[in-house]
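K.L.:
Have a look at the structure that comes next, please.
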Amino acid sequence: MAASSSRVDDTNNNIPTYEYIDINTKTFHVGAFESLWKEQLKPNYYSLQDTPQATEDEEFAKEMGIPSETIEELKVICSPDSLRCHPENEPPDMNVVPADPGLLTLRLRKRRQDYKETLHRDFTCRQDLYATELESLAMGRRPLDPADLVPEGEIILTFRIHYPLIFERFKYVRPYQTLQVLGSQKLTELRDAICCVSDLQVSGEFSNTPDIAPDFISKDHYKSAFFYLEGIFYNDMRYPDCRELSETIIEWAKSRDFPTFQTEKMEETTFRELKIKIGYPYLYCHQGDCEHVVIITDIRLAHQDDCLDRKLYPLLTYKHRVVTRKCAVCHLYISRWITTNDSFAPTDPCLFCDQCFRMLHYDSFGNKQGDFLAYPFVDAGAFN
Ligand SMILES: [Zn+2]
Ligand SMILES: [Zn+2]
Numbered sequence: 024m025a026a027s028s029s030r031v032d033d034t035n036n037n038i039p040t041y042e043y044i045d046i047n048t049k050t051f052h053v054g055a056f057e058s059l060w061k062e063q064l065k066p067n068y069y070s071l072q073d074t075p076q077a078t079e080d081e082e083f084a085k086e087m088g089i090p091s092e093t094i095e096e097l098k099v100i101c102s103p104d105s106l107r108c109h110p111e112n113e114p115p116d117m118n119v120v121p122a123d124p125g126l127l128t129l130r131l132r133k134r135r136q137d138y139k140e141t142l143h144r145d146f147t148c149r150q151d152l153y154a155t156e157l158e159s160l161a162m163g164r165r166p167l168d169p170a171d172l173v174p175e176g177e178i179i180l181t182f183r184i185h186y187p188l189i190f191e192r193f194k195y196v197r198p199y200q201t202l203q204v205l206g207s208q209k210l211t212e213l214r215d216a217i218c219c220v221s222d223l224q225v226s227g228e229f230s231n232t233p234d235i236a237p238d239f240i241s242k243d244h245y246k247s248a249f250f251y252l253e254g255i256f257y258n259d260m261r262y263p264d265c266r267e268l269s270e271t272i273i274e275w276a277k278s279r280d281f282p283t284f285q286t287e288k289m290e291e292t293t294f295r296e297l298k299i300k301i302g303y304p305y306l307y308c309h310q311g312d313c314e315h316v317v318i319i320t321d322i323r324l325a326h327q328d329d330c331l332d333r334k335l336y337p338l339l340t341y342k343h344r345v346v347t348r349k350c351a352v353c354h355l356y357i358s359r360w361i362t363t364n365d366s367f368a369p370t371d372p373c374l375f376c377d378q379c380f381r382m383l384h385y386d387s388f389g390n391k392q393g394d395f396l397a398y399p400f401v402d403a404g405a406f407n
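Residue numbers (our numbering): 24 to 407.
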C-alpha cells in the first residue's frame, strides 16, 4: 500500500513534532518511526532480555566513575530493608498513618483515609478495587511459550476509544476503553477488541417468542465497520456480507467538491503501515451509525516492563465502568427486557431481568399473559 513505501523522501518527517502544541503531532509513518528509533538506539536498550545484576552494577560503576565497593555500600544503605518506622521486632501495620505526618505522600494518604471514613456505602464498590488493576495485571508478563514473546523493538500504540455520540447518557464521560496494540497487528484485531453495546443489541419485538430473541445479535447481522484515519477509510471486508460502509460518504463527498477519499481493507492493513497523528481525533464506525472518536495517545518501543505476551494484545488497560440498570421487580439483577404498553408494569417503559420478566408475563407453560410489547435490552454495563 501507499503508506508502506513512504519511508523515502525525508525521514525527518517521521519524527513526530507538534502540529498544535500539547494537542496533536504532524502526520508520520509508524513503521518509519520505529526504524528511526532502532537506528538511534543500541540494541541492548530495547532488548527484552534481563541483564545480569553483576553486569548492570559494573556498567553503573563505570558510568558514575566510582569503585565497585562503593556500589556495594550504597546498595546496603539504600535498600528498602533498611527503611523502618516501627520497632524491628514488630510487624508493620500499613494502614496506620501517624497523626501529623511530614511527608506529602503520607499527608495525602491520611486525607484520603479521613475522607473514606465519612462515606457510607451499602455495597462493595468493585470499581475502586480494580481501578488500577487492569494495567498492572499484565505488567512485565511473559508468555508460557517463548514463541509468543513480543519481538524486540516491536512498536506499541495506545488507542483511546470514546463513547459513541448516540449515547445521550454518556455525553460527559468520553474516554471509555484504552487498548494497546502492536505495530504488527491488523486493524481488524483492534476492531474485534472494541466492546460496544451496539454490537449486542437485538432489534425486534419478541413478546410472543422470548426464547429466540438471543439469536439476533446485531454483530452477527451487520458486520461492516470502518476506521477513518488520515483521509483513508479502512473497511472491514472479512465476511461476504460486509458492505463498504464508507461508500455513501465518499459518494456524498464527491458531489460536494471534497478531495477524493481513499479506501483500504482493514484486514490487510497493519498498524505499522499507517500514517497517523498522535493526539488527533479519528473515527471508528460500526452498526451503521455508532460512531466512536478514537485517539492514539502514545507510540513507543516495547520495554521489558510491558506485557510481553503477544497473545494478550490488543491489551485492555482501562475500562470505564458503568452503573448497571437493575430489574424493576427484584432490583437485583441487570435488566434484560424492556416492555411497553404493559399493564403489569409500574412504569412505561419498564425494565426486567429475564427471570422476573418470564414469571410476570408467562404462565408455567410459557403462554403469554395479557397485552404488552417486549424488546430485548442490553445494559451498557454488560462489559463491566
Ligand atoms: Zn459502538
Ligand atoms: Zn428481576
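Every residue gets a Cβ at the ideal spot worked out from N, C-alpha and C, and that includes glycine.
1) Give the residues whose C-beta lies closer than 7 angstroms to at least one heavy atom of ligand 2, in chain order.
2) Who's in the neighbourhood of ligand 1, going by beta-carbon under 6 angstroms from any heavy atom, listed in chain order?
3) Closest to glutamine 403 by C-alpha separation, out of Lys349, Val99, Arg381, would be which residue?
4) May I ask you to report which of helix, strand or coil DSSP gives proline 169?
5) Would you tell me roughly how many angstroms separate the C-alpha atoms of lysine 242 and arginine 323, rounded to the nearest one?
6) Only counting the same chain, and skipping five residues up and downstream in sequence, which positions put a Cβ closer than 6 angstroms to that of isoleucine 273?
7) Please list, in chain order, all residues of the same chain as cysteine 218 whose beta carbon is under 6 angstroms from its beta carbon, the five residues on each side excluded.
8) How long is the line joining the alpha carbons of serine 358 and valine 316, rounded to whole angstroms?
9) Give the range of the beta strand (DSSP E) segment to which alanine 397 is assigned.
10) Along the beta strand (DSSP E) that carries glutamine 203, what are the first and last residues, could you check?
11) Can you give me the start and stop residues for the alpha helix (DSSP H) that cysteine 379 sits inside?
12) Please identify the residue among Tyr41, Ile318, Gly311 whose C-alpha is closest to the C-alpha of tyrosine 305.
13) Specify the secondary structure class of arginine 279 as computed by DSSP and reduced to three states.
14) Terminal residues of the continuous beta strand (DSSP E) containing lysine 98?
15) My output table needs one value for phenylalanine 406: the three-state DSSP class, helix, strand or coil.
16) Exposed or buried, serine 455, counting other C-beta atoms within 10 Å across all chains shown (16 or more means buried)?
17) Compute the Euclidean distance between the alpha carbons of serine 221 and phenylalanine 400, then round it to the nearest angstrom.
18) Comparing alpha-carbon positions, which option in Asn118, Leu126, Gly125 lies nearest lysine 139?
19) Please list the terminal residues of the continuous beta strand (DSSP E) segment that includes glutamine 285.
20) Report all residues from its chain with a CB closer than 6 angstroms to the CB of phenylalanine 380; omit the five preceding and five following residues, and keep chain order.
21) Is the region 199–215 in contact with the region 176–184, if contact means three or more CB pairs nearer than 8 angstroms?
22) Can you find the residues in the same chain that come closer than 7 angstroms, C-beta to C-beta, to serine 27, ignoring five residues on each side of it along the sequence?
23) Give a yes or no on whether the C-beta atoms belonging to leucine 157 and threonine 340 are separated by under 8 angstroms.
24) Helix, strand or coil, according to DSSP, for tyrosine 43 in the structure here?
25) Reducing DSSP to helix, strand and coil, say where histidine 185 ends up.
26) Tell me where the beta strand (DSSP E) around arginine 135 begins and ends.
27) Use the C-beta contact count for phenylalanine 249: other C-beta atoms within 10 angstroms, 16 or more gives buried, fewer gives exposed.
P.N.:
Quick answer:
1) Cys350, Val352, Cys353, Leu355, Tyr356, Phe375, Cys376, Gln378, Cys379
2) Pro187, Cys219, Ser221, His309, Cys313, His315
3) Indexing the sequence shown from 1 puts residue 403 at position 380. Here the sequence assigns alanine to residue 403, which means glutamine is not the residue at that position. Selected option, being the one with the closest Cα: Lys349.
4) Along the sequence shown, read from residue 1 onward, the residue named residue 169 stands at position 146. Looking at proline 169 - three-state DSSP - the assignment turns out to be helix.
5) On the sequence shown, residue 242 is found 219 positions in, with the first residue counted as 1. On the sequence shown, residue 323 is found 300 positions in, with the first residue counted as 1. So the two alpha carbons sit approximately 33 angstroms from each other.
6) Position 250 of the sequence shown, counting from 1, holds the residue named residue 273. Phe284, listed in sequence order.
7) In the sequence shown, counting from the first residue as 1, residue 218 sits at position 195. These residues qualify, in order along the chain: Phe406.
8) Within the sequence shown, numbered from 1, the residue matching residue 358 stands at position 335. Within the sequence shown, numbered from 1, the residue matching residue 316 stands at position 293. Rounded to whole angstroms, serine 358 and valine 316 show a C-alpha spacing of 28 angstroms.
9) Residue mapping note: residue 397 aligns to position 374 of the sequence shown, counting from 1. Unbroken beta strand (DSSP E) run through alanine 397: 396–399.
10) The count along the sequence shown starts at 1 and reaches residue 203 at position 180. Counting along the chain, the beta strand (DSSP E) containing glutamine 203 begins and ends at 198–205.
11) Looking up residue 379 in the sequence shown gives position 356. Per DSSP, cysteine 379 belongs to the alpha helix (DSSP H) from 377–384.
12) Mapped onto the sequence shown, residue 305 falls at position 282. Selected option, being the one with the closest Cα: Ile318.
13) In the sequence shown, the residue the question calls residue 279 occupies position 256. Three-state result, arginine 279: coil.
14) Numbered from its first residue, the sequence shown carries residue 98 at position 75. Where lysine 98 is concerned, there is no enclosing beta strand (DSSP E), although the alpha helix (DSSP H) it sits in stretches over 91–101.
15) Within the sequence shown, residue 406 is the residue found at index 383, counting from 1. Helix.
16) Since the first residue of the chain shown is 24 and the last is 407, residue 455 is not available in this structure.
17) As a first step, residue 221 is located in the sequence shown; it is residue number 198 there, counting from the start. As a first step, residue 400 is located in the sequence shown; it is residue number 377 there, counting from the start. Answer to the nearest angstrom: the Cα atoms are 11 angstroms apart.
18) In the sequence shown, residue 139 corresponds to position 116, counting from 1. Out of Asn118, Leu126, Gly125, Asn118 has the C-alpha closest to the C-alpha of lysine 139.
19) Locating residue 285 in the sequence shown gives position 262, counting from the first residue. It spans 285–288 - the beta strand (DSSP E) in which glutamine 285 sits, taken as one unbroken run.
20) Counted from its first residue, the sequence shown places residue 380 at position 357. So the list reads Trp360, once near-sequence residues are dropped.
21) yes
22) For the purposes of this step, residue 27 is taken as residue 4 along the sequence shown, with counting starting at 1. Unreliable placement is indicated for serine 27, whose pLDDT of 43 sits below 50; the coordinate value is still reported in the next sentence. Closer than 7 angstroms at Cβ, skipping near neighbours: Gly54, Glu296.
23) Taking the first residue of the sequence shown as position 1, residue 157 is located at position 134. Taking the first residue of the sequence shown as position 1, residue 340 is located at position 317. In this structure, threonine 340 lies closer than 8 angstroms to leucine 157 by Cβ.
24) By 1-based counting over the sequence shown, the position of residue 43 is 20. Reduced to three states, the DSSP call for tyrosine 43 is strand.
25) Here residue 185 refers to the residue found at position 162 of the sequence shown. Strand.
26) Within the sequence shown, the letter at position 112 stands for residue 135. Unbroken run through arginine 135 is the alpha helix (DSSP H), 127–141; no beta strand (DSSP E).
27) On the sequence shown, residue 249 is found 226 positions in, with the first residue counted as 1. Burial call: buried.
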